[in-house]
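To start, the structure itself, in structure tokens.
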Amino acid sequence: MNGQVAGRGAAGFHLLRLGVSAAVIAWILGGGSVAYAQDSAPPAEPVAQVGKSPQDAAADGSGGGDIVVTGTLIRGVAPVGTNVIGVDREAVVATGAVSTNDLLAQIPQVGNFGTVPIGTGSYALPIVRPNIRNLGASGGSTTLVLMNGHRLVGAGVLQTSVDPSIIPPDVIERVEIIPDGGSSIYGSDAIGGVINFITRKRYNGIGINARYGIADDYKSFDGSVIAGRDWGSGSIFVSYAYAWHNNILGIDRDYVTADNRAGGGNDNRGTACTPANVLIGGIPYALPGKVPGTINRCDQTDYADIVPREKRHSVFAGLTQELSDVVHFSLTGYWSQRDTVTRSAQSTQSDTITILNPYFSRIGTELSQTVAMSFDSVFGPSNVSPARFSSYGITPSMEFDLGGGWQLRTRANLGRSENKTTEDAINASAVTAALGGTTTATALNPYNLSATSPSVLARINDFVNYGQATQELAEGRAVVDGPLFALAGGEVRLAAGAEYHYENIRSFTGSGPIAAITGGSSFAERDVKSVFGELLVPLVGEGNRSPGLYSLEISGSARYDDYSDVGGTTNPKIGITYRPVRSLTLRGNYGTSFHAPSLADLGNSVDSRVQVIPFSPFRAANSSPFDILRPTIAIAGGNANLKPEKADTWSLGFDFKPDFAPGLVLSATYFNVRFTDAIAVPPFTSPVLFADPNYSSFYILNPTLAQATAAAGSLRIDGVPSLAALYAASSPYVLFLATRANLGAVHTDGIDFNLAYVHSTSFGSLNASFAGTYTLGRRPQTIKGGPFSDDLKNGTGRLAFTAGLGGKVGGFTGQATLNHRSGFPLGGVLPQTRVSAFDTVDLFFSYDLGNLIKNTSLTLNVDNVFDQDPPFLNSAPGYTNGGTLGRLFAFGIRTKF
742 MNGQVAGRGA AGFHLLRLGV SAAVIAWILG GGSVAYAQDS APPAEPVAQV GKSPQDAAAD
802 GSGGGDIVVT GTLIRGVAPV GTNVIGVDRE AVVATGAVST NDLLAQIPQV GNFGTVPIGT
862 GSYALPIVRP NIRNLGASGG STTLVLMNGH RLVGAGVLQT SVDPSIIPPD VIERVEIIPD
922 GGSSIYGSDA IGGVINFITR KRYNGIGINA RYGIADDYKS FDGSVIAGRD WGSGSIFVSY
982 AYAWHNNILG IDRDYVTADN RAGGGNDNRG TACTPANVLI GGIPYALPGK VPGTINRCDQ
1042 TDYADIVPRE KRHSVFAGLT QELSDVVHFS LTGYWSQRDT VTRSAQSTQS DTITILNPYF
1102 SRIGTELSQT VAMSFDSVFG PSNVSPARFS SYGITPSMEF DLGGGWQLRT RANLGRSENK
1162 TTEDAINASA VTAALGGTTT ATALNPYNLS ATSPSVLARI NDFVNYGQAT QELAEGRAVV
1222 DGPLFALAGG EVRLAAGAEY HYENIRSFTG SGPIAAITGG SSFAERDVKS VFGELLVPLV
1282 GEGNRSPGLY SLEISGSARY DDYSDVGGTT NPKIGITYRP VRSLTLRGNY GTSFHAPSLA
1342 DLGNSVDSRV QVIPFSPFRA ANSSPFDILR PTIAIAGGNA NLKPEKADTW SLGFDFKPDF
1402 APGLVLSATY FNVRFTDAIA VPPFTSPVLF ADPNYSSFYI LNPTLAQATA AAGSLRIDGV
1462 PSLAALYAAS SPYVLFLATR ANLGAVHTDG IDFNLAYVHS TSFGSLNASF AGTYTLGRRP
1522 QTIKGGPFSD DLKNGTGRLA FTAGLGGKVG GFTGQATLNH RSGFPLGGVL PQTRVSAFDT
1582 VDLFFSYDLG NLIKNTSLTL NVDNVFDQDP PFLNSAPGYT NGGTLGRLFA FGIRTKF
């Protein structure tokens, strides 16, 4: 595959290939807006925060220029009626985050809070997908991830979500999280909320940092170098970051196991092992003794990674320049590459050997046996699967002061990713054929695999599942904003803009011997034309405030997106901020949001196919026992008729910063989300499919050839030469319409809270914080028209929080943080009925070497100080409700000159 852009969006990429400068591209596309919610002034309202707020960044110049607040188009104001969670640079360093995924795992509102967020090498979902409110999605995402207010190109083969790890932590100035719907400003994906990584704008000097981490059976290293020059009217810098860590196998952690009997559970270990198990007439015989009723068991979690090996390279560069008193130019660009090696349990197979095989070993008078075996004795304990994900992006922007307080902001945004995954496997057909071999040169010896001919084993071992995809993104955007007229409460301000978005994905998936992989490829593209606007009306302000009415602001925003494949959608939002007194802010908002089906979910997805299975393991309760011998037809993959996922969201909250206690912030926000038309695959492996009439349109029992042909259309057919050939030899039991579909809904509500206090002392300062989220209700519906269940009664905890205590004394900084995920009731894994809470304590220490070595500090992070294991689960891999690397010590040094 050449990976070139095809169709309407190719122009920007061809310009780059011809060497046209980024600045020229910006002018050609009408310039591209800095899609920043806010560009200059600090927010007027409090920000729920970890570390310093954007106000502080503006005050000390760490923002490097313009301050950007997520969630609004209008400069100089905060998003009205909205809760903003902020993490500043000082807090980023204190977390010890090696990647942006690690950083997000510190935020209780994000679904992977309290876990070890490591991307895998699979082509199904190779990234850690941030998910505010845990609403879920299929090939896309219900949480929008931005960098400096603009989108990033997706990663993967069967999905198009952004990989946050492409942004190295050392270039992050701050992170702003809006745990509210944001489609009226940003368009698709912003249902659960928006995560905006805001990078450095300026740098002067050379900075170096390095860190080495160690835990039981685990090592890591990360470091970065940044060099830049700031000449007042402009600045340029470039940063390189490297990160590496080795893998952790299941056998390296005693809580990772499929044998859960020690915790009062079941033995969930596998039975395809070395030595093998033989089954004759339903009676097992464990090798080598072959005693009736005995079974060999092996733990499939032992040699599978819970943390795969990973290596990342990242380059980030920025340029900003005032071209005149009224024109400002900026440019950012990045390149990132991630190599992941994932170890999984060695392949197994259960198959039949007959008396014709020269290795056949009779136990009684049988003529055949079923043998369940693992290939670990000949191919090693693990399958080793490498993957590589690389991407780059370039974003030029221009700002024009138009006079009278009006400004035009333009931006172009181009990105491309290349994704390759290779999943190590065995050739199941070659195993079956070798078990049917009639000579020692062609047959497999399942009782002693090492006695098999090397050429036979080589044919079995030479097999991979392979995926490859190229994704491309091109955008142009322009926004104008400024004051319309003045009221007594302040200036009425308007922002309006337009945006063009193009994306494509060219993908291939296949399997087979490495030199002869066969499969299918696809190409999908779309463009989106959008117009949007926001109006801010300050009804009460400095000019007309009175007792009990310090300020009152109302804002309204709306956006229309016209998709070339799924049609148009309009999403409005209204927000109100009321301050009865200066120290108390009351706020609320209501809006609608949506997530357009990703290109990996629609009809031309690479996994779209007709899959024929030679038997029917999934059947209705009243089926004949002989129906298992009839074939199953499954129409799988994407669905051209998917609709956008939608949500109604609203919230009410307050922020209290009392004058009598400087440094104290108390905030709480009630949120309510009604998420509908969720994209998922019908549960065709569950009996509920046949029992619930709401699923009746997703299967056909005893389908005719005409019905199967009509359902298959022009899709490729896997498993048989043709449907006609299938029907000539058999009568299929069922046809599953197993494509992705708009199925159910999620209704959830709860309270986000934040309590923070910073107190200056004669020796430095003390600080304390308590922030998190409490779920009041979470009711999913698996199929439209079906009942709603209660997740809080099965599998979902109510409370997640962090509590911190720290201080500064001279050049020494210390911080202790408690991370909590509450336990929850559990059904379906008897005898276990509840999962415990998971609590870890992290420590951070920093010492400024001061005059000894100028601008240099030493850091120490100790994660999971008490080496807590995640809670027990009576199912492989034996744990849930969190993750940990164990007690991790990370030693670092940071310097600048």
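Residue numbers (the working numbering): 742 to 1638.
All C-beta atoms, glycine included, are put in the ideal place defined by N, C-alpha and C.
Other residues of its chain near residue i: CB distance less than 6 angstroms, five sequence neighbours each side excluded
{"i": "Gly1004", "result": "Phe1613"}
{"i": "Phe1511", "result": "Leu1496, Ala1544"}
{"i": "Asp797", "result": "Any answer about Asp797 is weak, because its pLDDT of 41 lies below 50 and its placement is not dependable; what the coordinates show is given next. Nothing meets the Cβ criterion."}
{"i": "Gly923", "result": "Ala931, Val935"}
{"i": "Gly1059", "result": "Phe978, Thr1073"}
{"i": "Lys1637", "result": "Gly946, Gly948, Asn1596"}
{"i": "Arg1457", "result": "Gly1261, Arg1350"}
{"i": "Ser974", "result": "Glu1063"}
{"i": "Gln1609", "result": "Thr1581"}
{"i": "Trp1076", "result": "Val1056, Tyr1133"}
{"i": "Leu1293", "result": "Leu1280, Val1281, Tyr1319"}
Exposed unless 16 or more other CB atoms sit within 10 angstroms - verdict on residue i
{"i": "His1069", "result": "buried"}
{"i": "Gly948", "result": "buried"}
{"i": "Gly1700", "result": "Since the first residue of the chain shown is 742 and the last is 1638, residue 1700 is not available in this structure."}
{"i": "Ile1374", "result": "buried"}
{"i": "Gly1633", "result": "buried"}
{"i": "His1500", "result": "exposed"}
{"i": "Asn1186", "result": "buried"}
{"i": "Pro1366", "result": "exposed"}
{"i": "Asn824", "result": "buried"}
{"i": "Asp1222", "result": "buried"}
{"i": "Pro1618", "result": "buried"}
{"i": "Phe1585", "result": "buried"}
{"i": "Phe1504", "result": "exposed"}
{"i": "Arg1300", "result": "buried"}
{"i": "Ala896", "result": "buried"}
{"i": "Leu1340", "result": "buried"}
{"i": "Asn1382", "result": "exposed"}
{"i": "Leu1143", "result": "exposed"}
Residues of its chain near residue i, where Cβ-Cβ distance is below 7 angstroms and the 5 sequence neighbours each way are ignored
{"i": "Ser1471", "result": "Arg1371, Pro1372"}
{"i": "Asp1531", "result": "Arg1520"}
{"i": "Gly771", "result": "Residue confidence for Gly771 is low, a pLDDT of 34 falling below 50, so the modelled location carries little weight; the figure read from the coordinates is stated next. Hits under 7 angstroms: Thr1151, Gly1217, Ala1219."}
{"i": "Tyr1304", "result": "Arg1267, Val1269, Ala1337"}
Those residues which DSSP pairs with residue i across a bridge
{"i": "Pro820", "result": "Pro820 pairs with nothing; no bridge assigned."}
{"i": "Val1278", "result": "Ile1295"}
{"i": "Ile949", "result": "Val966, Thr1636"}
{"i": "Ile1441", "result": "Leu1476"}
{"i": "Lys1387", "result": "Phe1335, Thr1417"}
{"i": "Val869", "result": "In DSSP, Val869 forms no bridge with anything."}
{"i": "Leu845", "result": "In the DSSP output, where bridge partners are listed per residue, Leu845 has none listed."}
{"i": "Trp985", "result": "Phe962, Lys1052"}
Nonlocal neighbours in the same chain, by C-beta distance under 8 angstroms from residue i, ignoring five residues either side
{"i": "Ala1362", "result": "Pro1428, Phe1431, Ala1432"}
{"i": "Pro1611", "result": "Tyr996, Phe1579, Tyr1620, Thr1621, Asn1622, Gly1623, Gly1624, Thr1625"}
{"i": "Ser1196", "result": "Ala1182"}
{"i": "Gly1105", "result": "Ile1021"}
Rounded Cβ spacing between residue i and residue j (contact assumed at less than 8 angstroms)
{"i": "Leu1190", "j": "Val1119", "result": "5 angstroms"}
Which listed residue (the options) has its alpha carbon closest to that of residue i
{"i": "Arg1157", "options": "Val1172, Tyr1207, Gln1110, Glu1216", "result": "Glu1216"}
{"i": "Leu687", "options": "Ala1265, Ala1166, Leu1235", "result": "Residue 687 lies beyond the stretch modelled for the chain, which goes from 742 to 1638, so this question has no answer here."}
{"i": "Val818", "options": "Phe1356, His986, Arg1323, Val1278", "result": "Val1278"}
{"i": "Ala984", "options": "Ala1128, Asn1001, Asn1009, Ala951", "result": "Ala951"}
{"i": "Asn1202", "options": "Ala1153, Ser1123, Gly1177", "result": "Ser1123"}
{"i": "Gln1342", "options": "Ala1482, Ile1135, Tyr1588", "result": "The sequence given here has Asp at residue 1342, not Gln. Among Ala1482, Ile1135, Tyr1588, the Cα nearest to that of Asp1342 is on Ala1482."}
{"i": "Thr940", "options": "Ile1420, Thr841, Leu1028", "result": "Thr841"}
{"i": "Asn1435", "options": "Phe1494, Asp1368, Pro1399, Gln1522", "result": "Gln1522"}
{"i": "His1488", "options": "Ser1102, Arg1053, Pro1528", "result": "Pro1528"}
{"i": "Val966", "options": "Lys960, Asp904, Tyr1044, His1054", "result": "His1054"}
{"i": "Ser1091", "options": "Gly928, Tyr1188, Ala1236", "result": "Tyr1188"}
{"i": "Ala865", "options": "Tyr1588, Asn853, Gly881, Leu899", "result": "Leu899"}
{"i": "Thr1516", "options": "Lys1525, Gly1536, Asp1490, Ile1524", "result": "Asp1490"}
Residue i Cβ short of 7 angstroms to the ligand ADP heavy atom set
{"i": "Asn1168", "result": "With respect to small molecules bound, the structure shown includes none, and the ligand ADP cannot be examined in it."}
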